[in-house]
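Trainee: Start counting the sequence shown at 20; every next residue gets the next number (this note's numbering).
No residue lacks a Cβ here, since even glycine has one placed at the ideal position from N, Cα and C.
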Amino acid sequence: MGLTVLLLYVCGLITPAVVIAQSCPLQWRAFEQSCYLFYNQDWLNYTAALAHCFSFGSVLVSVNSVAEHNFIVQHLNNHAIHGDTYYTSGAVDPFRDPWRIQWQGDGSHVNTVLEDTRWLSIADANLSQPRLIYKTSGLRYGWSKSPSTVKMLLICEIPVLESYRVNLDQRDITYGTNFSDVRVAPHGPFFTAQPRNLVVISDSATNAEGDKFAISLECVADSIPPPAYRMIQTRDDGTKVIITSDNDSRYTMNGGRLVIQNPEARLDAGVYQCQASNQFGTIYSDLGNITFGVLEQFPNVIRAPVVAMEYQSAVIECSPPQFRPAVTYQWYRKDRSDFLRPDLNPHIFISRNGKLYFSEVTQTDEANYFCIVKLTSGNDPMSTAQPPSRISLPTSLQIKNSVPAMWGPVIADGFIASHPNKPLRGQDVALECFAYGTLPMTYSWSRKDASLPQGAALSDHNRKLELYDVTLEDSGIYYCHVTRTSGQTALAAHNLMVESSPYFVFPLSDLHVDAGSRFSWSCEAKAIPRAVYVWYKDGETLHPVEGDIAVQANVLTIFRAHASLHDGMYQCVAINSHGIAHSSAQLRVLAFAPTFVKKPLKPSTSAAIGGHVTIECSPEAAPKPEVTWTRNGITVNAVPDDGMSRVRLRGNGGLHIAEVQTGDAGLYCCVVTNAHGSDTSCGEFKVVQRTVLLSPPNDVRANVNTTATLNCEASFPVSADSLYGWKFNGRDIKPANSSHYVVGTRQSPGSLYVIQAQYEHSGLYTCVAQTTHDSVNASALLAVEGPPGAPAGVYVGAIVNTSATVYWTEGDRHGRDLQYHTIEASNEHNALWVTVASYIPVASSIVPATDRRHGFIVSHLKPGNNYYFRVKAMNALGVGAASQRSMTYRIPAASPPIYPRNIGGGGGSVGLLTITWEPLPSEDQGSTGVGYRVLWRRANTTRYSEANLTDNVGQHVVTVGVDNYYLLYEVKVAAYNNMGPGPMSPDGVFIYSAEEIAKGVVTNLYAWPYNSTAIQVTWDIVPNIREFMGGTLMGYQINFKVRFDPNAGWDAISWRGETSHGVVIGLTPYTWYSVDMQVLNTAGMGPRSEMFHARTFKDAPKLYPVDVRVLPHSTNSVQVTWRGVMTQVGEENIEGYKILYWQATDDIRSAVNVSTGRADSEQIVDGVQKGRVYQLRVFAFSRGGDGRYSEAVYFTLGGMVAFDPSSSEILAAAATIVRPGRYLNIQCISSVLVTVICSYFTSVFVL
């Protein structure tokens, strides 16, 4: 134990734990050091099963040994009903490591194998499901796997030393205090609003009023007393900064709201985390990331044309400039009025990868095509409603005449494509499919072994399958079927693997424990890849301390609780490669004398003759007190609860009397004692001849979407038929007609459970206990609490310039006081709802002389726009739904509020200066009559020239003279309208005038063979200066033709940038070629160089190796053999062989390349992993290039395996390598997404 703990213990400051009993509670079974509950009352899904165990202070079972497994199996074989299945805490990641079981109950793990006898069968071991369960074959129980959504029974486990928690009173933050209402009791902080990611567009600068650009991050924590906040930044370079106005005047921290004026990427980009503290402890929020959006300009480089044969397919690349974080794509042809419409032209497809696809082209498709990219942030908010966009230079699609032909469908490379490529839970996913061929073609989708997810939608001629808000269960293999009217078909498959950042399926709950007690605290997060866990106390990382604290994954154990050491705020943090999630809770260690102040015995309790009664004794005490009962001053001889005795002491201290007799009546007193004192409470017990309510329901508060329990217990005459019923607001509840209501369990037959309680379930509930002779009833109120309801009556009062006063009426508070309101707006030109005023304190917005009416002035609206407004409210339980939108309100017209964005230019014909900008969108024009004032001047001069343009255009061309080619100019642009001028763009935007044709000539040209269809070319770089280049170098072009063919024409290939070498491809084997070169810039081609001649090599090998075999070799290698090839006429001599191998689930582009010598026909291949299936191909190579590939073979460490691509998607296998001289036993294992044709075979290869 740690030194501090040891000293406190020796000095007597930590009292020994009060041992209630070193045995398991009633109905729990003991094995070694744990107690087990085999719960068989209700069938629950995994989350509900976990919650049920947590309600006892226990967890789902973790099976850490064969002996423990055998104990469980023996009990189930003897007591379970045939067909029952049981949840454990075992979690399996079927996609990455299906043989590693993570026990989330205690944080441990175990590695298993297919042959483990604990599996019910090989088929059960090979299931690709995430939860480990116990299942029966009819003869015995064993392990199997299941989805989390299936309802089944469960097994709970708790250490014997913690089993006192099973019968422990429910404790909340008021326990042991003078408070009875949790809403006003002092407590530590927990976050109700977390920082959000934000993408900043840094050129948002200023508006018409001159206000500087600012961004904000906000967090809100609920605590009593209110918390103090700090915001901590981790910059991109790893530097940590505590944000205060002292270290940068641009920062303003007001409560949990950080405002940054004039944000800068260098200083402000990074990850932000909010810290909230009060006297009870400290917690950290989830992370908010500020990213500065970047969208560079397209290079001012002429694009090479795309040449396609008529009636064949074509693809045009967008090749976007650098961007962050993401972009969307659109295309137009010829001019901006001719945007491409795939919905009207089914032979065209615009992929989210930016490429423009044509299933087949005709002469009508020949045109110049322009790609438009627009910056987007995905699901994260942006600092502007006007993200920047860029337009490429044209790409010419040239169509060569050809003969019509009916062909296809041929599914294009890269399809099915998933966007995003690696989707996360909660994202929207688009699966794209596209085929080349003659139209018409029809597309359809299916999913292996399942229907398409609920809510899936097809679009763009069914070429896109849209999956919204994807879940982990949406993972699977999706098929695209393409059919041409003539009957030809094509099929593509895609394995969609949805991953997830961590999210808590069972977060931490506050704990209020006895001093000196031992307890375990667990949380559970779901994540793919699997999450790792870190624990914090008051913001500091928790590490194991021998004898005091044990930390194992998601389980924290404190062996002897002490207030001075352990009181505080704790956080369980789940982390994986996609994100971090925090779960927070407060720990209080309590030590005080028993008291009946809050819950004395009932003054009078009645029971019927022959019935039963439990006289409850519920003091508050820590540690749990010893309980003694007296009747009329004489000690009652009550035995501990054995389930059989007539008078027995319940585990929670209550006195249970069965088969009530007349002589049982009297004055009963409960005497409770612990190390800190004692207390007594008394009440009269009467025996009657009728039905009586022993425990009528009490008023209950429950959070929305949780289960509310209203308890009710009656005593019935012994011979009477009896039943319980419930009413809601006077009407009978019929559980059969509502999934929200469950009446009674074996332990509490009269209780009502309101499952997934909603606000409409708030009201008066009446328990009716009745027999054929009489009935009694009692009522209680259920209040369902949650985030506030939607505000109502949103309207605008006064509008002054660009400010509007918005009024609204509070919605339902849903049991908690309102804290803040947020106002959102949209306008006629932009349907996106944007926050225009956030975290408005309720007290500051209340309209005088009203109870629920609020108002707030919203500033900086855009002039000349029709606006809608809506309002949201927040309380301690979260943010509520938005109100209905208001009517439209027009902001008065004014001059443009912003300057044009994306000012740039350049290019064009020599002697011209081309200035471009992004025309103001409609919402930023402010009024009618939009035009532009354009200013330009030579760099390092003082006087501007200017022009006034009267249309909403985005370009102005100035003649500067041919002598002023490629000179630097500074440009500025401002917009104006009929109300006046808007702000001028800032200084510092420079562009070049158009270039002149280059004068430089390429020298020292040299060429030689590269392979049979290519030649290598080198040259000296031409100086990239204005005098040589007439501007700046775009690249180099090689012109080439067949040397001795007088009818041969010149072809060309070009390279961008400053390079001194290149490879000319697509040539004819063993043929002489003539080459020369030119430099190029945007104005055109420079003079041609001297000519050089070179000849290609002879052909590469045309034959491929055959009889390829793979044999086992060692624990990480295999032996590959083949029969080589013979050189034919017109081929270069063979120089050797190459082996390509890669995992069967991957693309050939990930293949490992192994080379051999010329005469070799075998090779050892290292780096082969166990449990993986590989694909392999062999080919010969020579100076002429790589030869044809052999047919593919599939293998594992154990050697070759059979594979039928028509019925198999992915392979996995395992093999056992034995000592030399032994036989090799190979077993094909069906894995996650796997269908292997062979199930089991034995090979006789001798190692």
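Once the 5 residues before and after Ala1067 are set aside, which same chain residues still bring their CB inside 6 Å of it?
Mentor: Here residue 1067 is taken as the residue at index 1048 of the sequence shown, counted from 1. Lys1060, Val1061.
Trainee: Closest by CA to Ala351, which one among Asn319, Tyr388, Pro340, Ser182?
Mentor: Position 332 of the sequence shown, counted from the first residue, corresponds to residue 351. For the sequence presented, residue 351 should be read as Tyr rather than Ala. Ranking the options by Cα distance to Tyr351, first place goes to Tyr388.
Trainee: Assuming Asn308 is part of the beta strand (DSSP E), what are its boundary residues?
Mentor: The residue labelled residue 308 in the question sits at position 289 within the sequence shown. Run containing Asn308: 300-311, per the beta strand (DSSP E) assignment.
Trainee: What residues are listed by DSSP as bridge partners for Phe875?
Mentor: Counting from 1 along the sequence shown, the entry for residue 875 is found at position 856. Paired residues: Val825.
Trainee: Only counting the same chain, and skipping five residues up and downstream in sequence, which positions put a Cβ closer than 8 Å to that of Gln777?
Mentor: Here the question's residue 777 lines up with position 758 in the sequence shown. Correct list, in chain order: Val723, Asn724, His759, Val803.
Trainee: Taking 7 Å as the threshold (C-beta atoms), are Cys689 and Cys636 in contact?
Mentor: Here residue 636 corresponds to residue number 617 of the sequence shown, with the count starting at 1. Here residue 689 corresponds to residue number 670 of the sequence shown, with the count starting at 1. Yes.
Trainee: Measuring CA to CA, which of Thr854, Ala1033, Met1048, Arg1128 is closest to Gly1081?
Mentor: Here residue 1081 refers to the residue found at position 1062 of the sequence shown. It is Ala1033.
Trainee: Could you say if the region 648-665 and the region 724-737 meet the contact criterion of at least three C-beta pairs nearer than 8 Å?
Mentor: At 8 Å Cβ cutoff, the stretches do not touch.
Trainee: Just verifying my parser: in three-state terms, what is the DSSP assignment at Phe90?
Mentor: For the purposes of this step, residue 90 is identified with residue 71 of the sequence shown, where counting begins at 1. If DSSP states are grouped into helix, strand and coil, Phe90 belongs with the helices.
Trainee: Figure out for me which residue from Glu283, Asp1118, Tyr1160, Lys1117 has the closest Cα to the Cα of Val1129.
Mentor: Here the question's residue 1129 lines up with position 1110 in the sequence shown. Of Glu283, Asp1118, Tyr1160, Lys1117, the residue nearest in Cα terms is Tyr1160.
Trainee: My output table needs one value for Arg184: the three-state DSSP class, helix, strand or coil.
Mentor: Taking the sequence shown and counting its residues from 1, the one referred to as residue 184 is at position 165. If DSSP states are grouped into helix, strand and coil, Arg184 belongs with the helices.
Trainee: Can you tell me the Cβ-Cβ gap for Ala799 and Pro716, rounded? I've got them flagged as a contact below 8 Å.
Mentor: Counting from 1 along the sequence shown, the entry for residue 799 is found at position 780. Counting from 1 along the sequence shown, the entry for residue 716 is found at position 697. That belief holds up - the Cβ atoms of Ala799 and Pro716 are roughly 4 Å apart, short of 8 Å.
Trainee: Note down the Cα distance separating Arg254 from Val290, rounded to an integer number of angstroms.
Mentor: If you number the sequence shown from 1, residue 254 lands on position 235. If you number the sequence shown from 1, residue 290 lands on position 271. Near 6 Å, if we compare the C-alpha coordinates of Val290 and Arg254.
Trainee: Need the endpoints of the alpha helix (DSSP H) that Phe1047 sits in, please.
Mentor: Here the question's residue 1047 lines up with position 1028 in the sequence shown. Element bounds for Phe1047: 1045-1048.
Trainee: Quick check on DSSP: helix, strand or coil for Gly805?
Mentor: For the purposes of this step, residue 805 is identified with residue 786 of the sequence shown, where counting begins at 1. Coil, per DSSP.
Trainee: Indicate whether Lys991 and Ser1012 have their beta-carbon atoms separated by less than 7 Å.
Mentor: Locating residue 991 in the sequence shown gives position 972, where the first residue counts as 1. Locating residue 1012 in the sequence shown gives position 993, where the first residue counts as 1. Contact: no.
Trainee: On the criterion of 16 or more Cβ atoms from any shown chain inside 10 Å, does Asn1100 qualify as buried, or is it exposed?
Mentor: Position 1081 of the sequence shown, counting from 1, holds the residue named residue 1100. It is buried - the Cβ of Asn1100 has at least 16 other Cβ atoms within 10 Å.
Trainee: Can you tell me whether His366 is buried or exposed, with buried defined as 16 or more other CB within 10 angstroms of its CB?
Mentor: Counted from its first residue, the sequence shown places residue 366 at position 347. With 16 or more Cβ atoms within 10 Å of its Cβ, His366 is classed as buried.
Trainee: Within the continuous alpha helix (DSSP H) that includes Ile141, where are the two ends?
Mentor: Here residue 141 refers to the residue found at position 122 when the sequence shown is read from its first residue. Looking at the DSSP string, the run of the alpha helix (DSSP H) that includes Ile141 is 141-144.
Trainee: Classify His675 as helix, strand or coil using the three-state DSSP reduction.
Mentor: Stepping through the sequence shown from its first residue, residue 675 is reached at position 656. Three-state result, His675: strand.
Trainee: Assign Arg1142 to one of three DSSP states: helix, strand, or coil.
Mentor: Position 1123 of the sequence shown holds residue 1142. The answer is strand: DSSP assigns Arg1142 an E or B state.
Trainee: Under 7 Å, do Ala16 and Thr710 count as touching if we go by C-beta distance?
Mentor: This structure cannot settle anything about residue 16, because the visible part of the chain is limited to 20 through 1266.
Trainee: So, is Leu1086 buried or exposed, given that buried needs 16 or more other C-beta atoms within 10 angstroms?
Mentor: Along the sequence shown, one-based indexing puts residue 1086 at 1067. It counts as buried.
Trainee: Given a threshold of 16 other Cβ atoms within 10 Å of its Cβ, counted over all protein chains shown, does Asp1118 qualify as buried or as exposed?
Mentor: What you label residue 1118 is simply residue 1099 of the sequence shown in a count that begins at 1. Buried: at least 16 other Cβ atoms inside 10 Å.
Trainee: Taking Cβ positions, are Gly874 and Ser914 nearer each other than 7 Å?
Mentor: Taking the first residue of the sequence shown as position 1, residue 874 is located at position 855. Taking the first residue of the sequence shown as position 1, residue 914 is located at position 895. Their beta carbons are not under 7 Å apart, which means Gly874 does not touch Ser914 by this criterion.
Trainee: Considering only their Cβ atoms, is the gap separating Ala212 from Val239 smaller than 7 Å?
Mentor: Against the sequence shown, residue 239 aligns to sequence position 220. Against the sequence shown, residue 212 aligns to sequence position 193. Yes; because the gap between Cβ atoms is below 7 Å, this pair is in contact.
Trainee: Are the C-beta of Val737 and some C-beta of chain D separated by less than 7 Å?
Mentor: The displayed structure is made up of one protein chain only, and chain D is not part of it.
Trainee: Identify, in the order they occur along the chain, each residue of the same chain with its Cβ nearer than 6 Å to the Cβ of Thr876, setting aside the five sequence neighbours on each side.
Mentor: By one-based count along the sequence shown, residue 876 stands at place 857. It should be noted that the sequence gives Ile, not Thr, for residue 876. Around Ile876: Ser822, Thr824.
Trainee: Which stretch, first to last residue, makes up the beta strand (DSSP E) that contains Cys54?
Mentor: In the sequence shown, counting from the first residue as 1, residue 54 sits at position 35. Element bounds for Cys54: 53-63.
Trainee: Give me the Cα-Cα distance between Asp1064 and Val326, rounded to the nearest whole angstrom.
Mentor: Here residue 1064 corresponds to residue number 1045 of the sequence shown, with the count starting at 1. Here residue 326 corresponds to residue number 307 of the sequence shown, with the count starting at 1. Going by the C-alpha atoms only, they are around 24 Å apart.
Trainee: For the beta strand (DSSP E) that contains Leu1273, what are its first and last residues?
Mentor: In the structure as shown, the chain begins at 20 and stops at 1266. Residue 1273 is therefore absent and cannot be evaluated.
Trainee: Return the chain-ordered list of same chain residues with a C-beta closer than 7 Å to the C-beta of Ala569, the five sequence neighbours on each side being excluded.
Mentor: Position 550 of the sequence shown holds residue 569. For Ala569, where only same-chain residues beyond five positions count, the Cβ hits under 7 Å are Pro563, Thr576.
Trainee: Would DSSP call Pro1002 helix, strand or coil?
Mentor: Translated into positions along the sequence shown, residue 1002 becomes position 983. Reduced to three states, the DSSP call for Pro1002 is strand.
Trainee: So what's Leu458 in DSSP terms, helix, strand or just coil?
Mentor: Here residue 458 refers to the residue found at position 439 of the sequence shown. Of the three classes helix, strand and coil, the one that applies to Leu458 here is coil, per DSSP.
Trainee: Where DSSP assigns a beta bridge to Phe209, which residues make up the other side?
Mentor: In the sequence shown, the residue the question calls residue 209 occupies position 190. According to DSSP, which records beta bridges pairwise, Phe209 is partnered with Asp241.
Trainee: Between Trp118 and Ser1209, what straight-line distance do the alpha-carbon atoms span, to the nearest angstrom?
Mentor: In the sequence shown, counting from the first residue as 1, residue 118 sits at position 99. In the sequence shown, counting from the first residue as 1, residue 1209 sits at position 1190. Spanning the two alpha carbons is a distance of roughly 34 Å.
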